[in-house]
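Asks: Numbering (numbering that gives the first Met the number 0), first residue to last: 0 to 228. Note that beta-carbon positions come from the ideal geometry of N, C-alpha and C, so glycine has one too. Below you will find the structure I want to go over with you.
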Amino acid sequence: MSLLVVLGAGGCGTQTDGTGPSGTPAADGPSGSAASGAPGAPEATGTLPGMPTAQQARQQLTTLKVAAHGSMSGYSRDRFPHWAEQGDDCNTRETVLARDGKDVERDGECRAVSGTWVSVYDDKKFTSASGLDIDHTVPLANAWRSGASKWTQEQRKAFANDLTHPQLLSVSAGSNRSKGDQGPDEWQPPAKAYWCSYARSWVSVKATYALTVTEAEKTTLTEMLDTCS
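See below:
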């Protein structure tokens, strides 16, 4: 018999995402292993763990190295081990689902069996986790092209399971797969009201992991940050 546990803003919920533990980043990438704690739930405005203010994001953006995309040679999603175990039989995906949802119930295997979620990318509401993907704000392939190809496997695992910075969030499967591995100069959330939060989170992740940005990416991020009130 399955045990149902009711979760509020924190806890655990699987389905792979369409794009894509935080460690303490060094100049050439992150270090450390998977984190075990889950931060607080995002608000409707898109507040995620470690989210900088618009002013902080603008400052961080000026520090990012501008460079053309690197090669995709050698890239594979397997180079970024994701959905690591987070304790209590929960993996990263399930932890994010519980963090982002309201009134989430999970079974004895930590799978989200009910709850409500709002996909901030397109303002769609869900009462089933099956319609959701866990998006990597900075997609794995984008990270590979902007510096992660030089990291160790453990560093890439930390990036792919980061619960401390604004790198992971629950969004509609449709919006996540539409985004794919595109940068902000190629894809923006359909819900324009989220552009400010999206740019803040993207810049924060790139700065945390010392990843590069392209000239077009930086220009678009600047424009998106200009939507912040």
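Measuring CA to CA, which of Pro-189, Lys-217, Val-95 is closest to Arg-199?
Replies: Lys-217
Asks: Span of the beta strand (DSSP E) holding Thr-115?
Replies: 111 to 118
Asks: Can you give the beta carbon distance from Asn-160 to Ala-83, rounded, assuming they're within the 8 Å contact cut?
Replies: About 4 Å separates the two Cβ atoms, so the contact holds.
Asks: Please confirm whether Asp-47 and Pro-183 have their CB atoms less than 7 Å apart.
Replies: Checking the displayed sequence, the identity of residue 47 turns out to be Leu instead of Asp. Taking 7 Å as the Cβ cut-off, Leu-47 and Pro-183 do not qualify as a contacting pair.
Asks: Report the option in Met-50, Phe-79, Gly-86, Ala-66 whose CA atom is closest to the CA atom of Gln-154.
Replies: Phe-79
Asks: Gly-69 to Leu-63, Cα distance in whole Å?
Replies: 15 Å
Asks: For Asp-158, tell me which candidate among Thr-126, Lys-205, Lys-124 has the shortest Cα-Cα distance.
Replies: The sequence given here has Phe at residue 158, not Asp. Out of Thr-126, Lys-205, Lys-124, Lys-205 has the C-alpha closest to the C-alpha of Phe-158.
Asks: For the beta strand (DSSP E) holding Arg-78, just list the boundary residues, first then last.
Replies: It is not in any beta strand (DSSP E) - Arg-78 carries neither H nor E in the DSSP assignment.
Asks: Could you tell me which of Leu-220, Glu-185, Trp-186, Thr-163 sits nearest to Ser-95, measuring between CA atoms?
Replies: Going by the sequence as given, residue 95 is Val instead of Ser. When each option's Cα is compared against that of Val-95, the closest is Thr-163.
Asks: Spatial neighbours of Thr-226 within its chain, please: C-beta separation below 6 Å, excluding the five flanking residues on both sides.
Replies: Trp-194, Cys-195
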